[in-house]
Structures are given as structure tokens and as C-alpha cells.
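Quick note on our numbering: the sequence shown kicks off at 49 and runs consecutively.
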Amino acid sequence: MTENIKLIALDMDGTLLNPEHKVSKRNREAIQKAKDEGIHVVLSTGRSLATCIDIAKSLGRSSYIVTINGGEIYDEDFNLVEQNLLDHKHVERLWEISNGHGLHFWTSTVQGQFSSQEPFEKEIGDYDWLKFGYDVEDDEVRQVILDELKNNEAFEITNSSPTNIEINPVGVNKAAALLKVCGKLGLKMNQVMAVGDSMNDLAMIREAGFGVAMGNAQEIVKEEANWVTQTNENDGVAEVIERVL
């Protein structure tokens, strides 16, 4: 099932990066070996380009990079090739939910990263919004918010940890982004191996030819994957790349 793999899509936090948010020597070496074999290695992350570009550069040239859960796609020279924005009226509602529940939130906009600890200097309409996220420790409150959000067909709702909620425009996810990348590279999704640990990885793990969950992944991700590798603390990415090679 893995002999046809031509592209490896890697989530970053909880997957490629260890608990210290570093790329281990073994993971680096495995990625380089895959590239030497002519396999594309594409970072596919919830992070913005600004918060992952140094790591991306340290791994050597890549054909594409998927950021903000598919909100933006960049080419090998970090030129923007795709961008998907939230509607301002929907952001206003997300803002109201945050204020109504007194939630910690963070956002990705074209103009930069902001959170509840970093007040906005302008009005909502003055920003181009890519993603809105909440961190909600209380399970009951989180469920109330999820129930409301799921009633809005404009949203793609995922998470990158069990306590957070991430909102992109509907149809914007890592699988959709990788499908576009495959189109540009002349590949099909059955030639993709996708590796991740959270709900924002679920779409690409389902749609890839070979979906891999980390040993530290959320249970639903493990259930949907073709294979479960080691944890991010134990070089799970390297283990599965070595399996492919």
C-alpha cells in the first residue's frame, strides 16, 4: 500500500515536532532520504507561514507548503498560490461568541496573528481573516460552542488539541489543499501519505492513499488511519517514512 507514495504530507505540532517543538535529527534525516528518492515532502499545518517558515527552510526546499489548515498554500519560493478568507459577518459572530463566554481566542489574518491577549488596533472589517480559534478548557462550554458553530454551514470546524476549536471557511481543510497541490504536481491523492495527530489532520488522513496517525494522536484520528506510528516524542514521522522507503 505504500510502494506508490510520491508525496508525504506532514502535520507539524504533535507530529513532525517533538514536545520541545523541534525537529529531531532522525526525522530530518528521514525527510532528506525521502526527498533523495524523489518523494515530495509537504508541510501541512495549522500554523501561519510566519510561524513555520524557519522550520520549513531548515528542512530544505519543498515543492509546496500548506498553512492555516489549507487557508493558504505557498510554492517552493514561498509565493502565495491560494488563499481562503472568512466572511467578515461570520467573524463578527465568532467575536460575539468569544465575548459572550469570556473565551481565550486567537486568529490568523493576512495582516498578522492576534489573540485575546493582543488587542486589535482596527475594526473587524479592516482585517482579512483566515482562521479563528478558541481554547476552551471546560468540556460543557466547549460542547455548547461546538453545537452552535456546527449549525452554521459556512464553517469548517476542527481542532489541533482536545481543548481547542479551529474555524476555517467551509471546504477549507488540509485534504482540499493537498488535492490542489497534487493537481499542480500531476499526482493523485492515492499517491499521498498523510501523517497527523489532531482533528485538523483527519480530512487528509481519510483522503490520502495511506493515512497515518501518531501514537499521541486523538483517538478518532487513530481509528480513521491506516496505520498508527510512534509518538512525536519517539520519532514517529521517521518511523513511517523509513517504512515507506
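The beta carbon of each residue, even a glycine, is placed where N, CA and C say it ideally should be.
Task: DSSP state of N207 mapped onto helix, strand, coil - done: coil
Open item on the list: Is the beta carbon of V114 closer than 7 angstroms to that of A225?
Closed with: yes
Open item on the list: How far does the alpha helix (DSSP H) with A321 in it extend, from its first residue to its last?
Closed with: Coverage of the chain is limited to positions 49 through 293, which leaves residue 321 absent and any answer about it impossible.
Task: Of the residues N199, E271, V139, T206, the one placed nearest T93, counting alpha carbons only - done: T206
- [ ] Whole angstroms is fine: what's the gap from V285's alpha carbon to A104's?
- [x] 15 angstroms
Open item on the list: Along the chain, where does the beta strand (DSSP E) containing K73 start, and where does it finish?
Closed with: Not the beta strand (DSSP E): K73 falls in the alpha helix (DSSP H), residues 73–84.
- [ ] Identify whether Q191 lies in helix, strand or coil by the three-state DSSP scheme.
- [x] helix
- [ ] Ignore the nearest five residues each way along the sequence and tell me which others in A251's own chain have a CB closer than 7 angstroms to its CB.
- [x] N221, K222, A223
TODO: Determine the direct distance from the alpha carbon of R190 to that of E140, and round the result to whole angstroms.
DONE: 19 angstroms
TODO: Quick one: using the 10 Å Cβ neighbour count with 16 as the cut-off for buried, is R109 buried or exposed?
DONE: exposed
Open item on the list: Assuming the contact rule is C-beta atoms closer than 8 angstroms, I215 and G181 should be a hit. Round their C-beta distance to whole Å, please.
Closed with: 7 angstroms
Task: Paired residues, beta bridge with T115 - DSSP - done: E120
TODO: Give the straight-line distance between the Cα atoms of F168 and E196, rounded to the nearest whole angstrom.
DONE: 25 angstroms
Open item on the list: If you reduce the DSSP assignment to three classes, tell me which class Q151 lands in.
Closed with: The sequence as given places Leu at residue 151; Gln does not occur at that position. The answer is coil: DSSP assigns L151 none of H, G, I, E or B.
Open item on the list: Output needed for S164: all residues of its chain with C-beta closer than 6 angstroms, excluding positions within five of it in sequence on either side, in chain order.
Closed with: H152, F153
Open item on the list: Judging by CA-CA distance, which residue of E166, G263, Q239 is the nearest neighbour of G86?
Closed with: Q239
- [ ] Drop a sphere of 10 angstroms on the beta-carbon of A98, count the other beta-carbons inside from all chains shown, and report buried for 16 or more, exposed for fewer.
- [x] exposed
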